[in-house]
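A.B. asks: In this text, residue positions in the sequence shown follow my numbering: the first is 1, and each later residue adds one.
From the three backbone atoms N, C-alpha and C, an ideal C-beta is built for every residue, glycine too.
Take this structure first; my questions come after.
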Amino acid sequence: MADREYDIVVLGATGFTGALTADYLARHAPDSTRWALAGRNRGKLEEVRQRLGEGQDERPLVEADVGDPDSLRALAESTKVLITTVGPYINYGEPVVAACAAAGTDYVDLTGEPEFVDLMWLRYHEQAESTGARLVHSCGFDSIPYDLGALFTVNQLPEGIPITLTEMIRVSASFSGGTYHSAVHIMGRLRHSVRVARERREREERPSNRRVRGTTALPHRDAETGWWVVPYPTIDPQTILRSARALDRYGPEFRLAVYLAAKRLPALAGLGAGAATLVALAQLPPTRNLLLKLKDPGTGPAPEQRERSWFKLRCVGEADGTRVITQVSGGDPGYGETSKMLAESALCLAHDDLPQRAGQLTPAVAMGQTLVDRLQKAGIDFSVVEKR
C-alpha cells in the first residue's frame, strides 16, 4: 500500500469522538504521517480543522458518506488505515467494513456492539484474509484495556501451562450521546445478537490443542480487595477469549472471568437496576425511541468532567503456582483515552512492523505488545503490582 495517498483517514471527524481523535493525531502523529479528515459535510470538516490549531491549515479534507458506497470505495482505496467513529455501528458500520475488506485497507473502530462484530466476521472475514485487510474492531475503551491487559498479564506468567485470569474494572466517567445511543441499540437487539453469535460459533474454527472458556460467578464481595463485583456483560470478555484462541501464549487451557467492581454495594446495585430497566424498555420500539430522544448523539461531557474521569483495571493471573497482579489505568475512559487508543491503534497499523495476519483480528492479535508499548509512551499505565 505504499502508493496510497494517505496513511490514515478519520471518518466521522465532525462527531464528538472523531474530533477528539483528530485532535490527538494533530498533536501526536509524526510529521511524516499523511492523514486526512473525512465526513459528509465539508463545512463542518473545515470547522474541525480550524480547531486543530497551528500547522493544520492544509490538513486534507475528504467528503464521504456511509450512505454512498462509491465515496467509501474511493476513500478506502486512498488510505492505508481507515478509522471510523460513525455509529451506532450496527446501523452505519457495515459499508465502511465492506469497502476496507474489498480494498485491502486496514480498519479500526471503537464499537462495543457484539452483534456488529459477529456479523462483520460472518460477511467479510474471508474476503479480508484474501485482500490482506486487517479489520480490528473495539480499539477504544471497549476493548483495548481488557484485551491488552490480559496479554500483558499473560506475558508475566510461565509459558505452556494452564492460565486463569480474573479482571475487575472500576470506572468513574460520563458518556456521550453517541455512546448512549449505541448502548440502547445493543440492549434492544439482544435476541438478534444471540442468533448471530450462534451462527458464528457454528462456522468459526476453534483450536483443537487449546481449551478456552469464560467463567462467571454470582455478584459477590471479592475477599482480597473488599470490592463488590458483578459479571461484566460487555463485548470485552468475548474479545479476550478470541485473542486466547488465536495466540499460543495463552497456554493449553485458559479460563477468564471479568467483573465490574465498586467499593460500595449500593452503587453497584443502583447501576444494575438502571441497566435492567434500560434493557426492558429497549425491547419495544415505542419505548426504545423514547430512550433515544433523551440524548443527542452528537453531545458529550464537558472538558472539566472528562478531566475528573478515570479507570483502573485490576488483572490477576495464575499459572502453576505463579501469581501476578497487574494494573491498567488511565484518565477519561470514554473519550480522552479512547481517542488516544483509537489513534495509536491506527498509527501502529500504519507504521509499525507487525505480524503478517489478515481478516477480522482482535487488538491483541493484530498489534499485541507493540501497541502496549505505544500506549505506555502515550500515558496509559500498564504495570506489575505484585508477582509471586
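Please tell me whether T166 and A257 are closer than 8 Å, where the distance is taken between their beta carbons.
C.D. replies: Yes, these two residues count as a Cβ contact at 8 Å.
A.B. asks: Write down the C-beta distance between V86 and L11 rounded to the nearest angstrom, noting that I regard them as a contact closer than 8 Å.
C.D. replies: At roughly 6 Å, the Cβ-Cβ gap stays under 8 Å, so V86 and L11 are in contact.
A.B. asks: So, is Q50 buried or exposed, given that buried needs 16 or more other C-beta atoms within 10 angstroms?
C.D. replies: It is exposed - the Cβ of Q50 has fewer than 16 other Cβ atoms within 10 Å.
A.B. asks: Exposed or buried, A223, counting other C-beta atoms within 10 Å across all chains shown (16 or more means buried)?
C.D. replies: With fewer than 16 other Cβ atoms within 10 Å, it is exposed.
A.B. asks: P231 bridges to which residues according to DSSP?
C.D. replies: Y259.
A.B. asks: With DSSP collapsed to three states, give me the class of I90.
C.D. replies: Three-state DSSP puts I90 in a helix.
A.B. asks: Leaving out the 5 sequence neighbours to the left and right, which residues in its chain are closer than 8 Å to L375 when beta-carbon positions are compared?
C.D. replies: The residues are I144, L148, K340, M341, E344, F382.
A.B. asks: Could you check the C-alpha separation between P355 and P286 for me, to the nearest Å?
C.D. replies: Using only the alpha carbons, I get a separation of about 47 Å.
A.B. asks: What are the boundary residues of the beta strand (DSSP E) that Q327 is part of?
C.D. replies: From DSSP, the beta strand (DSSP E) with Q327 extends over 322-330.
A.B. asks: Check whether the Cβ atoms of T17 and N41 lie closer than 8 Å to each other.
C.D. replies: No.
A.B. asks: Within the same chain, show all residues whose beta-carbon is closer than 6 Å to that of R211, passing over the 5 residues directly before and after it, in chain order.
C.D. replies: So the list reads E253, once near-sequence residues are dropped.
A.B. asks: In the structure shown, what three-state DSSP assignment does S138 receive?
C.D. replies: Reduced to three states, the DSSP call for S138 is coil.
A.B. asks: With three or more beta-carbon pairs closer than 8 Å as the criterion, would you say the segment 303-314 touches the segment 59-77?
C.D. replies: No: the two stretches stay apart, fewer than three of their Cβ pairs being nearer than 8 Å.
A.B. asks: DSSP state of A36, grouped into three classes?
C.D. replies: The answer is strand: DSSP assigns A36 an E or B state.
A.B. asks: Please report how far the alpha carbon of V328 lies from the alpha carbon of L361, in whole angstroms.
C.D. replies: Straight-line Cα distance between these residues: approximately 22 Å.
A.B. asks: Can you determine whether any heavy atom of the ligand PLP sits closer than 7 Å to the C-beta of T21, and answer yes or no?
C.D. replies: As for the ligand PLP, it is missing from this structure, which has no ligand bound.
A.B. asks: DSSP on S208, reduced to helix/strand/coil?
C.D. replies: It is coil, neither helix nor strand.
A.B. asks: Would you report the Cα separation of D109 and L135, rounded to the nearest angstrom?
C.D. replies: Cα to Cα, the separation comes out at about 9 Å.
A.B. asks: Please report the Cβ distance between L241 and G214, rounded to the nearest whole angstrom; I am assuming they are in contact, meaning their Cβ atoms lie under 8 Å.
C.D. replies: At roughly 6 Å, the Cβ-Cβ gap stays under 8 Å, so L241 and G214 are in contact.
A.B. asks: Which residue marks the beginning of the alpha helix (DSSP H) containing R201, and which one marks its end?
C.D. replies: Taken as a continuous stretch (DSSP letters only), the alpha helix (DSSP H) holding R201 covers 190-203.
A.B. asks: How would you write the range of the beta strand (DSSP E) that M168 sits in, first residue to last?
C.D. replies: Counting along the chain, the beta strand (DSSP E) containing M168 begins and ends at 163-172.
A.B. asks: Helix, strand or coil: which one does DSSP assign to G334?
C.D. replies: The answer is coil: DSSP assigns G334 none of H, G, I, E or B.
A.B. asks: Below 7 Å CB to CB, which residues in the same chain sit around Y238 once its five sequence neighbours on both sides are set aside?
C.D. replies: Tyr is not the amino acid found at residue 238; the sequence shown has Gln there. Once the five neighbours on either side are set aside, the close Cβ partners of Q238 are P114.
A.B. asks: With a threshold of 16 other CB atoms inside 10 Å of the CB of H220, please say whether the residue is buried or exposed.
C.D. replies: That one is exposed.
A.B. asks: Going by DSSP in three states, D296 sits in which element: helix, strand or coil?
C.D. replies: Looking at D296 - three-state DSSP - the assignment turns out to be coil, as it is neither helix nor strand.
A.B. asks: Span of the beta strand (DSSP E) holding R356?
C.D. replies: In the sequence as displayed, the identity of residue 356 is Gln instead of Arg. Element bounds for Q356: n/a, residue is neither H nor E.
A.B. asks: Could you check where the beta strand (DSSP E) with S143 kicks off and where it finishes?
C.D. replies: S143 -> no beta strand (DSSP E), and no H or E assigned at all.
A.B. asks: What are the boundary residues of the alpha helix (DSSP H) that includes L389?
C.D. replies: In the structure as shown, the chain starts at 1 and stops at 388, and residue 389 therefore has no counterpart that could be examined.
A.B. asks: Between E337 and the rest of its own chain, which residues show a CB-CB distance below 7 Å, the 5 nearest in sequence each way excluded?
C.D. replies: Hits under 7 Å: F141, G330, G331, I380.
A.B. asks: At what residues does the alpha helix (DSSP H) containing S78 begin and finish?
C.D. replies: Where S78 is concerned, the enclosing alpha helix (DSSP H) stretches over 69-78.
A.B. asks: For Y24, tell me which candidate among E5, I169, G53, G317 has the shortest Cα-Cα distance.
C.D. replies: With distances taken between Cα atoms, Y24 lies closest to G53.
A.B. asks: T105 and L82 look like a contact to me (Cβ under 8 Å); what is the Cβ gap, rounded to whole Å?
C.D. replies: So it is a contact: roughly 6 Å between Cβ atoms.
A.B. asks: Below 8 Å between beta carbons: does that hold for L401 and P88?
C.D. replies: Not covered by the structure: residue 401. The range shown for the chain is 1 to 388.
A.B. asks: Is the beta carbon of A319 sitting closer than 8 Å to the one on P207?
C.D. replies: The answer is no: Cβ separation not under 8 Å.
A.B. asks: Give me the Cβ distance between A29 and V9, rounded to the nearest whole Å; I'm assuming they're in contact under 8 Å.
C.D. replies: Actually they do not touch by this definition, with Cβ atoms about 12 Å apart.
A.B. asks: Taking just the CA atoms, how far does V230 sit from L218?
C.D. replies: The straight-line gap from Cα to Cα measures roughly 7 Å.
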